[in-house]
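Residue numbers (the working numbering): 18 to 311.
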């Protein structure tokens, strides 16, 4: 047994028995700890290097999504739709906070919603100029049918009445122009009533548009064109118009209860419902603008 011990181990110069060809256990632990400490900064440097390379690649390469977002927000419609989503969705957030008893948070979000609503009315003070341009364009480029042409004219007339009354309401409410409280209130209600008239006319307009799209699709199939590629292109165009028609119908259906609510004195329509309908309408319109700015 003693021979085995001596065979596995050796004596140092002082005659102390040590592991044969190996460092003492304490020295091995110290060496391992030193190696682990050396590995940590190496791993950290390696991780930082990978992160730096990833950031460099991200910032150096193209960013199509970011470019699209900037185009969306830079457009007048996209800018308005962003704040419209904020205005109406915060009403839902206010309801959720109030329901859970967070009164302070609900009040802060309600203030934000009111500020955004006020801002959106303010930027519409210049709405008459693009409205006049749109009317001129409509007269220079007539609609597909006579019914649509006259509906466009009636809808434009309702907006021509709506904008000045809303301007009067906002300027009077902020005491920019001297108006009595009753005059401010009446101008607000009547502006919304002309908007409600526009929404009602839009339902008739959508009905006529659907009839035109349906007839166009029927005509494509009955003509029996020899050029299959051209026929498919016309069908794709009809499908695109049908999709756009459905989105417009959704938007108008959401606006209808809102305009009625704001047109009726003492309406009991809940604010959370205003938030829900307004959010859906805003998202649908934002989708249209997002597609247009692609």
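Beta carbons: idealized from backbone N, C-alpha and C, even for Gly.
- Judged by DSSP in its simplified three-state form, residue 144 adopts coil rather than helix or strand.
- In the structure shown, the three-state DSSP call for residue 117 is coil.
- Separation of the CB atoms of residue 275 and residue 291 is rounded to 6 Å, and the pair is thereby assigned contact status at 8 Å.
- For residue 222, the uninterrupted alpha helix (DSSP H) segment begins and ends at 198-240.
- 8 Å or more divides the Cβ of residue 223 from the Cβ of residue 172.
- Pairing residue 188 with residue 148 gives a Cβ-Cβ distance that is not under 8 Å.
- With contacts defined by Cβ atoms closer than 8 Å, residue 95 and residue 310 form a contacting pair.
- In the three-state scheme derived from DSSP, where H, G and I count as helix and E and B as strand, residue 283 is classed as coil.
- Membership of residue 192 in any alpha helix (DSSP H) is not indicated, and neither H nor E is assigned to it by DSSP.
- Around the beta carbon of residue 151, fewer than 16 other beta carbons lie within 10 angstroms, which makes this residue exposed.
- Given a length threshold of 3 residues, the segment 250-306 has no whole run of the beta strand (DSSP E) inside it.
- Remark: fewer than three beta-carbon pairs, one from each stretch, lie closer than 8 Å, so the segment 108-123 and the segment 151-167 are not flagged as touching.
- In this structure, the beta-carbon distance from residue 281 to residue 255 does not fall below 8 Å.
- Beyond the five residues adjoining it in sequence on each side, residue 111 comes within less than 6 Å, by CB distance, of 123, 126, 127 in the same chain, given in chain order.
- Scanning its chain for C-beta atoms nearer than 7 Å, with the 5 sequence neighbours on each side dropped, one finds around residue 109 the residues 289, 292, 293, 296, in chain order.
- Annotation for residue 209: 276, 279, 280 place their beta carbon closer than 7 Å to its own, counting only its chain and skipping 5 residues before and after.
- Between the segment 236-251 and the segment 184-203, the count of C-beta pairs closer than 8 Å stays below three; the two stretches do not touch.
- Per the coordinates, the alpha-carbon of residue 227 lies some 7 Å from the alpha-carbon of residue 262.
- Using a Cβ distance threshold of 8 Å, residue 303 and residue 120 do not count as a contacting pair.
- Closest option to residue 301, judged by alpha-carbon separation, among 144, 102, 168, 137: 102.
- The beta-carbon distance between residue 133 and residue 100, rounded to whole angstroms, is 5 Å. This is short enough to meet the 8 Å contact definition.
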